[in-house]
Structures are given as structure tokens and as C-alpha cells.
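Right, one structure below, let's go through it.
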């Protein structure tokens, strides 16, 4: 979030606004980007010290992180970053695809030229981030690209619902960017989506968005094999 400025181990918050959501967003970013690893213990005292707040905002942030599936809170033991759940990733992907396909179909009715030009600027910025191997910036620009679709049709709520569902999915997306799927490939997929929008080609747009969003599921088995310590064990198949 733009109101958070990281300074070494500490974080400066905007005290004119509620601090608990800012602490939550910063911790969420740290978990998604693997600065906080699965199994790592989080302390209310340490978090409060890092952000210069009381324990109450830290506790509120932990509760919200738990609702996203990013931490587990054990009485008397502490709060721990969760491992990545295959089932939650697949569920989040299902929800995201359903929403984003519907958003794109709505946008196909009358895409504004100015909107398409703005999206092309975002794609250019993504190319620059890819050239610098800046995975976190690229992920933020990717978020901006997809969020803009929902805003353009006047339904930002669609993106809010998607964002609330996809925390576990984002963890895999970050590992994917840094390990398997070249950012150039994802940029090419964004370009294909925009081309389909420009040409009002509903079939091509539907195919392009589904292919793009399913990329993470395609590579997740490889990521889990390379980083087994980050993932929950999958249940054994039942004959």
C-alpha cells in the first residue's frame, strides 16, 4: 500500500488513518513475498515494536491474517505463518476465474480507448519490472492490471471479493514468478487479452483470460516439488 514506507526493520505508518489495516497489509505482503516464511512464529510484542503501535492493532492484524488463511493462532503457543494449502489455492483460483471472466465479458460490450491505452502503459511498466527482475513490483503491476478491469465496469467490489479470496494463491504466484513462469510470458498473455478486447473478440478474450489465470495451477506441482517445506502435505488418494 502506498501509505506504508519500510525503514530497515521498522515500518512508518500513516497515523492519520487506522493503523491495524496498515499492519495487516504490510504483514500480508511479507508473507506473500516469502519475507515471512511458512512455520515462522509471529509475536504481538515484536510486531507492535516493529510498527511502533500498541499490541491491539497487531492482534487485530493477526485475526484478519487468520481469516485469509495466512496464519494460525494457537492459544498458549503463539501465531504461526501457515503452509500453503493446495485446496485453498485451487478454491481461490476457481473464484477468481469466475469473477474475472464475468468482468471481462461485461467490459467487451464497450471498452473505452482511453482505458485500453492506460492498460498498455501498465504492460509497459511490467516489461520494465521484468527487465529488472523485480518480482514484487511486477506482481503489484499485475494486480493493478486486473483490478482496473473491475473498476472500468463500475464494479470494484468484484476485485475486492477476489482479493479477499486469493491470499494463498498470491503466495504461489510469487514463487511462480521467481522460479518457473518467465514474466515475459505473462506479459504476452496480458497483451493477448488487450488485443481481444480491442477487437471485441469474445471467444479470444475468454480463452486468453482463462489460460492466463490457470497458469499458476499448471506450475503449482513443480513449485510444491521444489519447495515442499512451504506446502501442506496433500491427502493420500482414496481408491
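In my numbering, the protein residues as written are 235 to 473. Quick reminder that beta carbons are idealized off the backbone N, C-alpha and C, glycines included.
{"Query": "Using 8 Å for Cβ pairs, my map puts residue 428 next to residue 354. What's the rounded Cβ distance?", "Result": "7 Å"}
{"Query": "Below 8 Å, can you find three or more Cβ-Cβ pairs linking the region 333-345 to the region 292-309?", "Result": "no"}
{"Query": "Along the beta strand (DSSP E) that carries residue 315, what are the first and last residues, could you check?", "Result": "312-315"}
{"Query": "Here's the rule: buried if 16 or more other CB atoms are within 10 angstroms of the residue's CB, otherwise exposed. What is residue 413?", "Result": "exposed"}
{"Query": "Could you give the DSSP three-state label for residue 279: helix, strand or coil?", "Result": "helix"}
{"Query": "For residue 465, which beta-bridge partners are listed by DSSP?", "Result": "318"}
{"Query": "Indicate the three-state DSSP secondary structure (helix, strand or coil) for residue 308 in the structure shown.", "Result": "strand"}
{"Query": "Measure from the alpha carbon of residue 440 to the alpha carbon of each residue in 268, 336, 420 and 404, then state which is nearest.", "Result": "336"}
{"Query": "So, for residue 291: in the same chain, excluding its five sequence neighbours on each side, which residues have a beta-carbon less than 6 Å away from its beta-carbon?", "Result": "253, 254 and 257"}
{"Query": "Give me, in chain order, the residues of the same chain whose beta-carbon lies closer than 8 Å to that of residue 330; leave out the 5 immediate sequence neighbours on both sides.", "Result": "396, 399, 400, 403 and 447"}
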